[in-house]
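A.B. asks: Structure in structure tokens, see below.
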Amino acid sequence: MLQQQPLTGNGPSNGRGLGVSGHPGMHSLNSVHQHRSDGAEPGLDGTENGHETRRDIGDILQQIMTITDQSLDEAQAKKHALNCHRMKPALFSVLCEIKEKTGLSMRNTQEEEPQDPQLVRLDNMLLAEGVAGPEKGGGAAAAVSAATSSGGMSPDSSLEHSDYKSKLSQIRSIYHTELEKYEQACTEFTTHVMNLLREQSRTRPVTPREIERMVAIIHRKFSSIQTQLKQSTCEAVMILRSRFLDARRKRRNFSKQATEVLNEYFYSHLSNPYPSEEAKEELAKQCGITVSQVSNWFGNKRIRYKKNIGKFQEEANLYAMKTALGARQGEDSPHTPNSTGFTSDSSSPPQHNGNWPGRSSPPPSPHSDRSDNSD
DNA sequence: GATCATGATTGAGA
DNA sequence: TCTCAATCATGATC
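Quick look at the structure:
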């Protein structure tokens, strides 16, 4: 890709002798002039030709030194004049030699840098969230599944999912647009700089290694901008995710069916409404909620029932009747209408004064259904 | 917007 | 670790 610039005839010095001005590279001027095909005297020997050559060198150096002070048009014209100057190959050779020497010090400065760990983290996160990489909804699906596993699947949860997905897709779209812009800008800028270096290589030696180094610098700069973009994209995803997953912010009532199942169990075990771990798991499965949600529900229910038994009496009677009806139908048919699948300890209207045994005097087995069936 | 209902959280107690 | 009790935060209803 990188074109080797015309550096022929500008090889390194053989290390012998000093140039006219005492500069170690100046002897190249001699060598170049000694091999001039036009057969002219190389000068630098104290003769008139030598004086002329010095004037030429002085002239060309002066022109180079002052070129930046001139207008663009003047500079262009001067550049052309310099390119055609008869001393240009010699000067070029000297510059090559100097560069060869000074270049040694920077050879070890461009070792391959290890990949930025922060960038790796950001990349991984964007990939996991489904923002980077192929669009497959992986991150969205993960977030959705996490949300649904921590809460009940309400009918409008699919609406939330689509909302989350559309917002994530927006973020993804913005991210890719910006990324494309950065990459395009990087490419354009790199091409521009490379062209500039090629142009400059006509008047000064520019090695391919130098061009590579410059390209690497440009890429590093653009990479840091990309890191910022990735960082802000990650933040946006995190905010979206926390909003979507924050159960407290997005509290949803359990489905009617789930509440029915829980109430049924509660009132049919009113004398000891402490479901065992297995019972909780079964209830959770039936209701499509988590075990901890079942525990929360029973905790709240016990407290609120105890606080206001009168208010819950009607509800209690209703569920007791349902349970009794279910039990009777269960005797008539092999299919039990009792959807809880648990045995009932109360086929008659609930009789409870709200004083369940507390932790201070626990029931025989407050976390086991065995006790439920014994009372 | 006020009020009630309800799921979640928190701190204390056993 | 579980439960209770208080409280918070949000949804539902009027």
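Numbering (the UniProt record's numbering), first residue to last: 1 to 375. Built from N, CA and C at the ideal position, the CB exists for glycine as well. Just so you know, these numbers come straight off a predicted model, no measurement behind them.
#1: Could you name each continuous alpha helix (DSSP H) segment of 4 residues or more that falls completely within the region 266 to 307, going from the start of the chain to the end?
#2: By alpha-carbon positions, which one of Phe254, Ala236 and Tyr267 ends up nearest to isoleucine 174?
#3: Counting Cβ pairs closer than 8 angstroms, one from the region 317 to 327 and one from the region 257 to 271, do we hit at least three?
#4: Nearest CA to the CA of leucine 126: which residue from Glu260, Lys79, Lys230 and Arg252?
#5: If you draw a straight line from the C-alpha of aspartate 56 to the C-alpha of isoleucine 217, how long is it?
#6: Report the three-state DSSP secondary structure of glycine 130 (helix, strand or coil).
#7: Answer with buried or exposed for threonine 191, where buried requires no fewer than 16 other C-beta atoms within 10 angstroms of its C-beta.
#8: Express the C-alpha separation of glutamine 226 and leucine 179 in angstroms, rounding to a whole number.
#9: Using only CA atoms, which one of Leu122, Ala90, His80 and Asp73 lies nearest to valine 232?
#10: So, for glycine 11: in the same chain, excluding its five sequence neighbours on each side, which residues have a beta-carbon less than 6 angstroms away from its beta-carbon?
#11: Where does asparagine 189 fall in DSSP's three states?
#12: To the nearest angstrom, how far is the alpha carbon of glutamine 110 from that of threonine 207?
#13: Shortest alpha-carbon distance to serine 93 belongs to which of Cys234, Arg213, Arg204 and Glu260?
#14: Among residues of its own chain, excluding the 5 on either side of valine 215, which ones have a beta-carbon nearer than 8 angstroms to its beta-carbon?
#15: Is phenylalanine 266 closer than 8 angstroms to isoleucine 289 when the C-beta atoms are compared?
#16: Looking at lysine 78: is its Cβ nearer than 8 angstroms to the Cβ of glutamine 63?
#17: Could you give the DSSP three-state label for serine 224: helix, strand or coil?
#18: Measuring straight from C-alpha to C-alpha, what distance separates proline 89 and histidine 51?
#19: Tell me whether methionine 87 sits in a helix, a strand or coil according to DSSP, three-state version.
#20: Check the C-beta distance from isoleucine 60 over to histidine 85 and give it rounded, since I have them as a contact under 8 angstroms.
C.D. replies: Well, looking at it:
#1: Listed in chain order, the complete alpha helix (DSSP H) runs (minimum 4 residues) inside the region 266 to 307 are 277 to 287 and 291 to 307.
#2: Within the first sequence, the letter at position 174 stands for residue 174. Of all alpha-carbon atoms in Phe254, Ala236 and Tyr267, the one lying nearest the alpha-carbon of isoleucine 174 is that of Ala236.
#3: These segments touch.
#4: Against the first sequence, residue 126 aligns to sequence position 126. Minimum Cα distance to leucine 126 is reached at Lys230.
#5: Position 56 of the first sequence, counting from 1, holds the residue named residue 56. Position 217 of the first sequence, counting from 1, holds the residue named residue 217. Whole-angstrom Cα-Cα distance: 37 angstroms.
#6: Locating residue 130 in the first sequence gives position 130, where the first residue counts as 1. Three-state DSSP puts glycine 130 in coil, outside helix and strand.
#7: As a first step, residue 191 must be located in the first sequence, where it is residue number 191. With fewer than 16 other Cβ atoms within 10 Å, it is exposed.
#8: Within the first sequence, residue 179 is the residue found at index 179, counting from 1. Within the first sequence, residue 226 is the residue found at index 226, counting from 1. When rounded, the distance between both Cα atoms is 7 angstroms.
#9: In the first sequence, counting from the first residue as 1, residue 232 sits at position 232. Note that residue 232 corresponds to serine in the displayed sequence, not to valine. A check of alpha carbon separations from serine 232 across Leu122, Ala90, His80 and Asp73 identifies Leu122 as the nearest.
#10: Locating residue 11 in the first sequence gives position 11, where the first residue counts as 1. With a pLDDT of 37 at glycine 11, under the threshold of 50, the modelled position of this residue cannot be trusted, and the question is left open.
#11: On the first sequence, position 189 is the one that residue 189 refers to. Looking at the sequence shown, residue 189 is not asparagine but phenylalanine. DSSP places phenylalanine 189 in the helix class (H, G or I) of the three-state scheme.
#12: Walking along the first sequence from the start, residue 110 turns up at place 110. Walking along the first sequence from the start, residue 207 turns up at place 207. In this prediction, glutamine 110 has a pLDDT of 48, which is less than 50 and means its spatial position is unreliable; what the coordinates show is noted afterwards. Rounded to whole angstroms, glutamine 110 to threonine 207 spans 14 angstroms at the Cα level.
#13: Counted from its first residue, the first sequence places residue 93 at position 93. Closest option to serine 93, Cα to Cα, is Arg204.
#14: For this step, residue 215 is matched to residue 215 along the first sequence. Excluding sequence neighbours, valine 215 sits near Thr190, Val193 and Met194.
#15: Walking along the first sequence from the start, residue 289 turns up at place 289. Walking along the first sequence from the start, residue 266 turns up at place 266. Not in contact: isoleucine 289 and phenylalanine 266 (Cβ atoms no closer than 8 angstroms).
#16: Residue numbering aside, residue 78 sits at position 78 when the first sequence is read from its first letter. Residue numbering aside, residue 63 sits at position 63 when the first sequence is read from its first letter. It is a contact, given that the beta carbons lie within the stated cut-off.
#17: Here residue 224 is taken as the residue at index 224 of the first sequence, counted from 1. Correct three-state label for serine 224: helix.
#18: Along the first sequence, one-based indexing puts residue 89 at 89. Along the first sequence, one-based indexing puts residue 51 at 51. Straight-line measurement puts the Cα of histidine 51 at about 18 angstroms from the Cα of proline 89.
#19: Position 87 of the first sequence, counted from the start, is the residue given in the question as residue 87. The answer is coil: DSSP assigns methionine 87 none of H, G, I, E or B.
#20: Mapped onto the first sequence, residue 60 falls at position 60. Mapped onto the first sequence, residue 85 falls at position 85. So it is a contact: roughly 6 angstroms between Cβ atoms.
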